Amino acid sequence: MKKIALTVVMGLTGFMAMPFSANAEVQSLRGSLEINDDSKSITAAKPMSQRGGFERSYKLQPPMIPHSIEKDKITLKTNTCMRCHSAENYEKEEAPKVGDSHFIAADGKTLETLSSRRYFCSQCHAPQNDAQELVENTFKGAK
Ligand code: HEC
Ligand code: HEC
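The working numbering numbers the first residue of the sequence shown as 7 and each following residue consecutively.
Here it is in structure tokens:
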């Protein structure tokens with residue numbers, strides 16, 4: 007009985023002390039703004055363009071997109087990426103052709119048209135922006 011009472015007391019003290027000690031260390035993403043103040047507006051990160059593309063970190067990495075895709079649309083009816091990256095258009099647009107792997111179906115057969123598994127390009131390929139890293143990134147690619 008004594009033990010239970012002691013645990014309860016310890017629990018209560020811990021509970022009461024917590025908000026005070028936690029307050030000192032934890033910073034909200036809104037900074038020290040009062041709850042009723044408006045958040046600071048976010049500066050939109052600029053998409054990066056890089057001639058020649060970005061270096062890959064490992065052999066089979068989907069290459070990152072070295073241009074803005076703000077005007078591109080990938081829906082069930084249209085895929086504007088293929089206006090430049092399809093086998094028909096890539097030479098004219100001076101863009102790299104989608105990888106050969108993009109024409110292989112789930113059963114291993116090579117298709118005439120893009121495999122549906124590769125239709126939603128941005129599932130694997132990401133544009134880059136000049137945002138600051140939130141924490142230092144020490145990732146090293148394996149070549
Ligand atoms: C107006 C034409 C155009 C459109 C539309 C376009 N791209 Fe590109 N893309 C290019 C060109 C040109 C390059 C080559 C840039 C360079 O290397 O300097 C490129 C490069 C790339 C690369 C890099 C390839 C590598 O090997 O490094 C990827 C990935 C890519 N585009 C994906 C996309 C995706 C996904 C979309 C749609 C959301 C898209 N692109 C829409 C023209 C286009
Ligand atoms: C499931 C993931 C995935 C999807 C979806 C995907 N890709 Fe890729 N892509 C890759 C990978 C992995 C590579 C690198 C290996 C290769 O070439 O297959 C690549 C390579 C590429 C390359 C460079 C080819 C080269 O020869 O250097 C281009 C350009 C590209 N993709 C464009 C696209 C476009 C455009 C779409 C949408 C129509 C798309 N990809 C959809 C994974 C994907």
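Heads up, the beta-carbon is just placed ideally off N, CA and C, and yes, glycines get one too. All of these numbers come straight from a predicted model, not from anything done at the bench.
Kindly indicate the opening and closing residues of the alpha helix (DSSP H) around K98.
-> 96 to 99
Since D136 contacts K52 with CB under 8 Å, what's their CB separation in whole angstroms?
-> 6 Å
Please determine if the region 54 to 66 and the region 109 to 118 are in contact, where contact requires at least 3 C-beta pairs separated by less than 8 Å.
-> no
Quick one: using the 10 Å Cβ neighbour count with 16 as the cut-off for buried, is I48 buried or exposed?
-> exposed
If you draw a straight line from the alpha carbon of C87 to that of T81, how long is it in whole angstroms?
-> 11 Å
Using the rule of at least 16 other Cβ atoms within 10 Å of the residue's Cβ for burial, across every protein chain shown, is C130 buried or exposed?
-> exposed
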